[in-house]
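Okay, structure first, notes after.
Written as structure tokens, this is what we have:
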């Protein structure tokens with residue numbers, strides 16, 4: 001049974017991301033009127049609303065690269081819960097965005113499943129966050145540096161005379 005659940009989970013994940021990357025409008029066939037998508041904290045209910053959200057994302061083309069797929073049965077619904085981690089590359093972008101997504105599949109009488117719950121979240125890397133904080137701090141320091149009186153800054157830092165910036169302006173004017 002466990003192998004079958006893993007197989008269904010991986011097959012679903014491959015199918016879902018193939019549709020997302022190549023024919024996003026077709027994803028609506030996976031949802032039902034009671035389905036719920038939580039996308040970056042925004043809760044969306046129903047096929048039409050979910051389809052609208054997915055089709056109005058600010059990018060047309062992307063490619064999902066899956067790192068892990070974990071599946072388990074849900075004893076209360078007879079469904080399958082699937083957790084996915086991976087990365088997403090947008091067309092024309094060099095860097096990949098890491099993401100996590102959870103799917104809750106519910107069996108239907110015909111023998112297939114529909115997507116009852118779908119939760120998507122980007123995973124921001126601590127290195128990325130630290131880099132952004134550093135860049136903002138450096139930009140702030142640079143802005144303050146240029147806003148202040150140069151000779152006073154150089155004198156307080158132990159430099160004598162005028163600032164190199166002032167000297168370069170003097171050379172241009174002569």
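Residue numbers (this note's numbering): 1 to 174. C-beta: ideal position from N, C-alpha, C; glycine also.
### Query
Among 102, 39 and 45, which residue has its Cα nearest to the Cα of residue 57?
For the options 102, 39 and 45, the alpha carbon positioned closest to that of residue 57 is the one of 39.
Check your understanding: Using the beta-carbon count (16 or more within 10 Å), is residue 16 buried or exposed?
Key -> Answer is buried; the Cβ neighbour count reaches 16.
### Message
Going by the DSSP bridge assignment, what does residue 24 pair with across the sheet?
### Response
None, per the DSSP bridge assignment.
- Message: What would DSSP say about residue 10, mapped onto helix, strand or coil?
- Response: helix
- prompt: According to the neighbour-count rule (16 or more other Cβ atoms, all chains shown, within 10 Å of its Cβ), is residue 31 buried or exposed?
  reply: buried
Please report the distance separating the alpha-carbon of residue 68 from that of residue 136. 34 Å
Problem set entry | Reduced DSSP category for residue 18 - H, G, I as helix; E, B as strand; rest coil | helix
query: Distance, Cα to Cα, residue 2 vs residue 83?
result: 15 Å
* What three-state label does DSSP hand residue 51 in the structure shown? -> helix
Can you name, in chain order, every residue of its own chain whose Cβ lies under 6 Å from the Cβ of residue 46, other than the five neighbours on each side? 33
Q. Just to confirm, are residue 55 and residue 91 a CB contact at a threshold of 8 Å?
A. no
Practice item. Can you say whether residue 86 is buried or exposed, counting buried as having 16 or more other CB atoms within 10 angstroms of its CB? Key: buried
Put residue 97 into one of helix, strand or coil per three-state DSSP.
strand
Sequence-distant residues of the same chain with beta carbon closer than 7 Å to residue 61, five excluded per side: Excluding sequence neighbours, residue 61 sits near 91.
* Asked: Within 10 angstroms of its Cβ, does residue 59 collect 16 or more other Cβ (buried), or is it exposed?
  -> exposed
ask   = Using the rule of at least 16 other Cβ atoms within 10 Å of the residue's Cβ for burial, across every protein chain shown, is residue 110 buried or exposed?
value = exposed
Problem set entry | Beta-carbon contacts of residue 6 that lie in its chain and below 6 Å, excluding the five residues immediately before and after | Taken in chain order, the residues that qualify are 71.
Could you name the residues that DSSP lists as bridge partners for residue 90?
62
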